[in-house]
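Protein sequence lines correspond, in order, to chains A and B.
Take the position in the first sequence, starting the count at 1, then add 72; the result is the number in this note's numbering.
Just so it is clear: in the second sequence, position 10 is -7 by this note's numbering, and no numbers are missing.
Note that the Cβ used here is the ideal one computed from N, Cα and C, for glycine as well.
All remarks here apply to the structure that follows.
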Amino acid sequence: MEHADLTAGIRRRDPTVLDAVLREALPRLLIAARVAGLAADAAEDVAHATVLVFLERAEAFDGRARASTWLFGILANKIAERRRAEQREEATDEIETVFDARFDDAGRWSRPPEGPLQELLREDVQRQLRDCLDTVPERQRQAFVLRLADDVPMDDVCKILGVNANNVGVLLFRARVRMRECLEAKGVRGSADAEL
Amino acid sequence: MLSCNEVSRAVAGDLQREPWRRRLGVRLHLLMCDHCRRFAAEMNALNRAVRIMTRPDADAAITDQAERVLRRLRPQSDLSPPPEP
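This is the structure:
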């Protein structure tokens, strides 16, 4: 559908357009809510509440942002409303020591990576991947999955987790290094293909 | 000159938020350093793998839930516009 038609359809609450938009967005909203730490039924309630706000304001939709981005913004607010006292990421974490132990005093690799992880895309590795993801503390895992796996915009990740962007960076670093160490310990290896 | 530790930290964290000078430093370092390049490749593979693992269609329960939310919404989704103020 053309972008302008889509915008117009949302604004006049065309049932066919809304149905298509929501069918596409809902699974991602539900997953984001689950990843943010909500139980299955709480996630469903939050997704429902999010869509209600979206429908309520539908005629104000100007099409400048994509509908899914708008929905994620509403979701982030809904989750933040549910989140009690703001928690800050601890200043220390043992994974920092584990990471630093791979470098010498000058910051050069003393135990360089040997290139695990290409095989991660193989199906039988999925269980190891899942096990390793389970070892990552909750908030680090949330930041990782929301930001890097689900492409949720940084502002929304900050709102969902209730921390600032610098903190999200620390969470991402710790989550990924922890996953890496865990997978390496399980002997998952493969080839390297750098692309940044 | 950035050390391998600093470069890897930046790569595993949120590279997009680093100042441009530092990003440039990271890129130059990666051109010259096999170990760090390998580390960066691992981080990319990790992102991709977790993305695949958490894809909506990987989980039938999510599809069911989405259907349930849609059913709950049915009455609202064809609401007529609110009255003019």
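Can you find the residues in the same chain that come closer than 7 Å, C-beta to C-beta, to residue i, ignoring five residues on each side of it along the sequence?
i: A/A121; result: K150
i: B/M26; result: V(-6) and A(-5)
i: A/E253; result: V170
i: A/T141; result: P225
i: A/L143; result: A97, L101, T122 and F126
Report the rounded CA-to-CA distance for residue i versus residue j, giving the unit in angstroms.
i: A/W181; j: A/F175; result: 4 Å
i: B/R4; j: A/V240; result: 21 Å
i: A/M255; j: A/C204; result: The question names Met, yet the displayed sequence has Leu at residue 255 of chain A. Computed Cα separation, rounded: 7 Å.
i: B/V(-10); j: B/L14; result: 12 Å
i: A/G135; j: A/F245; result: 34 Å
i: B/R(-8); j: A/R213; result: 17 Å
i: A/R248; j: A/V260; result: 15 Å
i: A/A112; j: A/D177; result: 47 Å
i: A/L78; j: B/R57; result: 20 Å
i: B/R34; j: A/A130; result: 30 Å
i: A/L218; j: B/R54; result: 26 Å
i: B/A44; j: A/E210; result: 21 Å
i: A/E153; j: B/C16; result: 45 Å
i: A/V107; j: A/T207; result: 14 Å
i: A/K258; j: A/K231; result: 34 Å
i: A/G109; j: B/R21; result: 32 Å
Going by beta carbon distance, what residues of the same chain come within less than 8 Å of residue i, once the five residues before and after it are set aside?
i: A/A119; result: L98, L101, L102, A105 and L147
i: B/E1; result: A(-7) and V9
i: A/P304; result: Outside the shown range of chain A, which is 73 to 268, sits residue 304 of chain A, and nothing can be said about it.
Tell me where the alpha helix (DSSP H) around residue i begins and ends.
i: B/C19; result: D17 to M36
i: A/A152; result: A139 to R154
i: A/E116; result: A112 to E128
i: A/L218; result: Here A/L218 belongs to no alpha helix (DSSP H), and DSSP marks it neither H nor E.
i: A/P87; result: P87 to V107
i: A/F133; result: No alpha helix (DSSP H) holds A/F133; DSSP gives it neither H nor E.
i: A/L205; result: Q198 to T207
i: A/K258; result: That residue, A/K258, is in no alpha helix (DSSP H); it is neither H nor E in DSSP.
i: A/M226; result: M226 to L233
i: A/E186; result: Segment: none, A/E186 is in no alpha helix (DSSP H) and carries neither H nor E.
How about residue i: is its C-beta nearer than 8 Å to some C-beta of chain A?
i: B/H12; result: no
i: B/R55; result: yes
i: B/A32; result: yes
i: B/L29; result: yes
i: B/A49; result: yes
Determine, for residue i, whether the minimum Cβ-Cβ distance to residues of chain B falls below 8 Å.
i: A/F175; result: yes
i: A/W142; result: no
i: A/D265; result: Residue placement at A/D265 is poorly supported in this model, since its pLDDT is 42, which falls under 50; the coordinates still yield a value, given next. Taking Cβ atoms only, chain B reaches closer than 8 Å to A/D265, which makes this a yes.
i: A/P209; result: no
i: A/G241; result: yes
i: A/L98; result: yes
i: A/D172; result: yes
With a threshold of 6 Å on Cβ separation, who are the neighbours of residue i within its own chain once the five nearest residues in sequence on each side are excluded?
i: B/C(-13); result: C19
Exercise for the section: May I ask you to list, following chain order, the residues of the region -16 to -5 of chain B that have a beta carbon less than 9 Å from some beta carbon of chain A? Expected result: L(-15), S(-14), C(-13), N(-12), E(-11), V(-10), S(-9), R(-8), A(-7), V(-6) and A(-5)
Practice task
Can you give me, in chain order, the residues of the region 218 to 239 of chain A that have a beta carbon less than 9 Å from any beta carbon in chain B?
Solution key: Listed by position along the chain: R219, L220, A221, D222, D223, M226, A237 and N238.
Exercise for the section: Note down, in chain order, all residues in the region 109 to 136 of chain A with a beta-carbon under 8 Å from any beta-carbon belonging to chain B. Expected result: The residues in question are A112, A115, E116, A119, H120, V123, L124, L127 and E131.
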